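First the structure, in the form of structure tokens, and then the observations on it.
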Amino acid sequence: MNLMVYFQSQRGEKQLAIQTAKCTAVVVDGQQGVLKAESSPFSSRKYQSCTIPSQGETHQSVVPPLSMIQRKLRHTDGRADKQKDSINKRIWEVFAMLWIASLCLLLAPSILGAPANKRRQKVLLISFDGFRWDYDRDVDTPHLDKMAKDGVKALYVTPPYLTITSPAHFSLLTGRYIENHGVIHNMWFNTTSTEKKPYYQTQFVNEWWDNGTLPIWITAQRQGLKSGSLHFPGTASSYQGEVAMVQEVEPVFYNYKNETAWRENADKVMDWFSYQDLDFISLYFGEPDGIGHRYGPDSPERQEMVKQVDRTVGYIRHSAEQHGLNDRLNIIITADHGMSAVYRNGLVEEITLSKIPGFSFSDIAFHLVDFGPSGMLLPKPGKLQKVYDALKGSHPHLHVFKKEEMPERLHFAKNDRILPIILWSDPGYVINGYFPVQFHKGEHGFDNQAMDMKPFFRAVNLEVGPFETVDIYALMCHILGIKPEVNDGHLNATKHMLVSSTTTQGEFTSD
Ligand SMILES: [Zn+2]
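In terms of the UniProt record's numbering, the sequence shown has 470 at position 470, counting the first letter as 1, and numbering is strictly consecutive.
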């Protein structure tokens with residue numbers, strides 16, 4: 001946890017400090033020292049005694065409301081006071097960018113204490129599908145590094161389970177776990193007709209998406225803001241009869257990795273912000289997911305795609321600057337899930353349901369398998385226990401649960417769309433139905449505790465997080481100044497990334 005706190009010495013001087021999980025870095029008379037915290041001031045919000053070893057003095061510290069920090073920053077701005085300038089400089093250095101496991105929150109200068117700007121804050125939520133938390137470990141990423149320097153960064157973030165595209169993206173838009181928002185799979189299905197529709201077609205099945213939970217586009221619009229979405233999962237649907245004011249869905253045959261198209265899309269959303277004065281836009285890129293599936297997360301091809309992502313991040317920031325948006329555009333970059341290498345070619349004993357003794361597809365009325373590491377089964381009447389008994393413990397890397405016995409931490413049970421038996425495999429393995437038909441070298445859909453499923457980690461000056469991606473919704477609502485719908489996230493998990501509550505927005509919290 002990182003937060004700037006005020007801090008008062010026994011002599012009564014007010015100082016600024018940066019609180020982290022392990023210690024507090026204090027700026028004393030322009031010099032940085034280390035404050036040994038005896039307890040977290042953030043939970044108690046009370047004064048506490050602290051000692052600065054380098055100074056040998058006992059001090060009292062207190063966490064001020066975020067609005068106080070904002071006032072302080074405004075107060076110091078523009079003054080020819082060397083000490084305050086030094087403190088302000090330090091604030092700029094330390095609060096330089098948010099790189100959050102796959103989430104970067106690029107704070108607009110007004111948040112960071114630049115000349116007070118009362119203009120309404122805008123939010124651009126970007127998802128690079130399948131960008132794992134450590135994908136920059138073996139690639140030069142100057143633009144991502146620059147973001148880390150200009151904002152804040154975190155270790156990684158935890159996606160919701162099931163760690164696949166549509167469900168995880170809808171959690172970003174709603175702040176709800178998948179069992180609560182109901183978009184439980186990439187595929188629409190009907191257990192009676194056994195019909196299934198793949199990801200792209202499911203975009204246009206309105207009732208799949210519009211089943212009670214409002215995405216942030218609609219909530220923002222109902223509170224007087226303007227929303228847009230480009231290619232983000234869920235864009236094509238209406239919600240309680242309303243749609244995002246500006247929306248664009250990719251065509252059915254679309255090259256998700258064309259860098260020129262990526263730049264055109266970046267310019268397009270900046271035009272929407274500038275000329276249509278939108279307040280919130282979600283923007284989706286289909287990579288590095290595709291390349292991670294095809295070549296694996298450890299491949300040179302994935303490395304090249306991460307370079308392309310990095311160039312695009314640089315281009316997006318440049319485009320925002322060209323459009324004069326830097327003082328009010330907050331850019332959040334994240335992903336839906338990570339990617340894990342799949343073991344094949346005799347390296348492991350593969351999981352194939354039809355080969356499991358006692359299991360028969362003749363006992364199954366409907367199934368969703370051959371979909372990476374996850375599966376769901378609807379046994380025929382009276383066959384549930386038989387199917388369960390056959391599968392449970394049949395393979396050391398296959399997890400089998402009745403819906404009502406699912407671990408609560410996964411939040412993937414309490415929804416009528418979830419089938420009675422849920423399967424998932426450990427990283428490295430996929431679940432095959434009749435025979436192996438899956439040839440991807442990388443997969444996702446695993447337990448969200450697996451590190452391979454987490455979006456991005458990076459440690460520079462500061463670390464924030466880890467937190468859950470359902471927490472991002474509350475942060476976006478806070479920046480936009482809108483009252484969130486009921487959600488499963490917590491603003492407390494992310495608001496420490498803000499130096500202030502920005503503009504007059506941010507009156508609403510979800511905690
Ligand atoms: Zn994927």
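From the three backbone atoms N, C-alpha and C, an ideal C-beta is built for every residue, glycine too.
From a predicted model like this one, the values you see are computed outputs, not experimental measurements.
Roughly how many angstroms separate the alpha carbons of Ser193 and Ser319, rounded to a whole number? In the sequence shown, counting from the first residue as 1, residue 193 sits at position 193. In the sequence shown, counting from the first residue as 1, residue 319 sits at position 319. Rounded to the nearest angstrom, the two C-alpha atoms are 48 Å apart.
Quick one: using the 10 Å Cβ neighbour count with 16 as the cut-off for buried, is Leu35 buried or exposed? Position 35 of the sequence shown holds residue 35. Because Leu35 sits at a pLDDT of 33, beneath the cut-off of 50, its placement in the model cannot be relied upon, and the point is left open.
Return yes when the Cβ of Ser374 is within less than 7 Å of the Cβ of Gly445, no when it is not. Translated into positions along the sequence shown, residue 445 becomes position 445. Translated into positions along the sequence shown, residue 374 becomes position 374. In this structure, Ser374 lies closer than 7 Å to Gly445 by Cβ.
If I measure Cβ to Cβ from Pro142 and keep anything under 8 Å in the same chain, skipping five residues before and after, which residues do I get? Taking the first residue of the sequence shown as position 1, residue 142 is located at position 142. Same-chain partners within the cutoff: Asp310 and Gly314.
Range covered by the beta strand (DSSP E) that runs through Lys122: Numbered from its first residue, the sequence shown carries residue 122 at position 122. Looking at the DSSP string, the run of the beta strand (DSSP E) that includes Lys122 is Lys122 to Phe128.
Please report the distance separating the alpha-carbon of residue 549 from that of Pro251. A question about residue 549 goes unanswered here, because the residues of the chain that appear run from 1 up to 511.
Run through the DSSP bridge pairs and tell me what Lys402 is partnered with. As a first step, residue 402 is located in the sequence shown; it is residue number 402 there, counting from the start. According to DSSP, which records beta bridges pairwise, Lys402 is partnered with Ile421.
Is Ala413 helix, strand or coil when you go by DSSP? Mapped onto the sequence shown, residue 413 falls at position 413. Three-state DSSP puts Ala413 in coil, outside helix and strand.
Going by DSSP, what residue range makes up the alpha helix (DSSP H) through residue 514? As displayed, the chain neither begins before 1 nor continues past 511, which places residue 514 out of reach and without an answer.
N- and C-terminal bounds of the beta strand (DSSP E) containing Glu304: In the sequence shown, the residue the question calls residue 304 occupies position 304. Here Glu304 belongs to no beta strand (DSSP E); instead the alpha helix (DSSP H) covers Pro300 to Gln322.
Span separating the alpha-carbon of Pro160 from that of Gly346: Counting from 1 along the sequence shown, the entry for residue 160 is found at position 160. Counting from 1 along the sequence shown, the entry for residue 346 is found at position 346. Answer to the nearest angstrom: the Cα atoms are 31 Å apart.
Exposed or buried, Thr469, counting other C-beta atoms within 10 Å across all chains shown (16 or more means buried)? Within the sequence shown, residue 469 is the residue found at index 469, counting from 1. Label assigned to Thr469: buried.
For Lys454, does the three-state DSSP call read helix, strand or coil? Within the sequence shown, residue 454 is the residue found at index 454, counting from 1. Coil at Lys454, not helix or strand.
Taking only heavy atoms of ligand 1 into account, decide whether any of them is closer than 6 Å to the Cβ of Asp289. Within the sequence shown, the letter at position 289 stands for residue 289. Yes, Cβ of Asp289 sits closer than 6 Å to a heavy atom of ligand 1.
C-alpha gap between Met406 and Ala390, whole angstroms: Working through the sequence shown from its first residue, we reach residue 406 at position 406. Working through the sequence shown from its first residue, we reach residue 390 at position 390. Between Met406 and Ala390, the C-alpha separation is close to 18 Å.
Asn432 classed as buried or exposed, judged by whether at least 16 other C-beta atoms fall within 10 angstroms: Within the sequence shown, the letter at position 432 stands for residue 432. It is buried - the Cβ of Asn432 has at least 16 other Cβ atoms within 10 Å.
From His231 to Glu443, what distance separates their C-alpha atoms? Translated into positions along the sequence shown, residue 231 becomes position 231. Translated into positions along the sequence shown, residue 443 becomes position 443. When rounded, the distance between both Cα atoms is 22 Å.
Determine, using beta-carbon pairs with one atom in the segment 210 to 224 and one in the segment 248 to 266, whether at least three such pairs fall under 8 Å. no
Based on the DSSP secondary-structure assignment, which residues constitute the bridge partners of Ser374? Within the sequence shown, numbered from 1, the residue matching residue 374 stands at position 374. The partner list for Ser374 (beta bridge, DSSP) reads Phe371 and Trp424.
According to DSSP, is Arg328 part of a helix, a strand, or is it coil? Here residue 328 refers to the residue found at position 328 when the sequence shown is read from its first residue. The answer is coil: DSSP assigns Arg328 none of H, G, I, E or B.
Backbone CA spacing between Val348 and Phe359 [nearest angstrom]: Residue mapping note: residue 348 aligns to position 348 of the sequence shown, counting from 1. Residue mapping note: residue 359 aligns to position 359 of the sequence shown, counting from 1. Distance between the alpha carbons of Val348 and Phe359 is about 21 Å.
Just reading off the beta strand (DSSP E) that residue 553 is part of, what are its end residues? This structure leaves residue 553 out entirely; the chain is present only between 1 and 511.
Using 8 Å as the Cβ pair cut-off and three pairs as the minimum, do the segment 477 to 493 and the segment 362 to 381 touch? no
Mapping the DSSP letters down to three states, classify Met97 as helix, strand or coil. Counted from its first residue, the sequence shown places residue 97 at position 97. Low confidence applies to Met97: its pLDDT is 30, below 50, so where it sits in the model is not reliable, and the reading given next is rough at best. Three-state DSSP puts Met97 in coil, outside helix and strand.
Gln247 (DSSP reduced to helix, strand or coil): By 1-based counting over the sequence shown, the position of residue 247 is 247. Reduced to three states, the DSSP call for Gln247 is strand.
Environment of Gly393 [buried if 16+ CB atoms lie within 10 Å]: Along the sequence shown, one-based indexing puts residue 393 at 393. Exposed is the call here.
Please state the DSSP three-state secondary structure of Ile184. As a position in the sequence shown, residue 184 is number 184, starting the count at 1. Of the three classes helix, strand and coil, the one that applies to Ile184 here is coil, per DSSP.
Assigned secondary structure, Arg79 (DSSP; H/G/I helix, E/B strand, else coil): Residue numbering aside, residue 79 sits at position 79 when the sequence shown is read from its first letter. Per-residue confidence for Arg79 stands at a pLDDT of 31, beneath the threshold of 50, marking its modelled position as unreliable; the derived number appears in the next sentence. Coil at Arg79, not helix or strand.
Count the other CB atoms, across all protein chains shown, that sit within 10 Å of the CB of Pro300; report buried if there are 16 or more and exposed otherwise. Counting from 1 along the sequence shown, the entry for residue 300 is found at position 300. The residue in question, Pro300, is exposed, as its Cβ has fewer than 16 Cβ neighbours within 10 Å.
What residues match up with Thr219 in a beta bridge as DSSP calls it? Position 219 of the sequence shown, counting from 1, holds the residue named residue 219. None, per the DSSP bridge assignment.
Which one or two residues does DSSP pair with Lys196 in a beta bridge? One-based indexing of the sequence shown puts residue 196 at position 196. Looking at the DSSP assignment, Lys196 forms a beta bridge with Phe189.
Which of helix, strand or coil does DSSP assign to Glu207? The sequence position of residue 207 within the sequence shown is 207, counting from 1. In this structure, Glu207 counts as helix in the three-state DSSP scheme.
May I have the straight-line CA-CA distance separating Met453 from Met476, to the nearest angstrom? As a working mapping, residue 453 is identified with position 453 in the sequence shown. As a working mapping, residue 476 is identified with position 476 in the sequence shown. Met453 and Met476: Cα-Cα distance of roughly 23 Å.
Can we say the segment 278 to 285 touches the segment 117 to 136, given the rule of at least three CB pairs closer than 8 Å? yes
Residue 512 classed as buried or exposed, judged by whether at least 16 other C-beta atoms fall within 10 angstroms: For residue 512 there is no data in the structure shown, the boundaries of the chain being 1 and 511.
So the alpha helix (DSSP H) Ile291 belongs to, where does it begin and stop? For the purposes of this step, residue 291 is taken as residue 291 along the sequence shown, with counting starting at 1. Note, Ile291: alpha helix (DSSP H), Asp289 to Tyr295.
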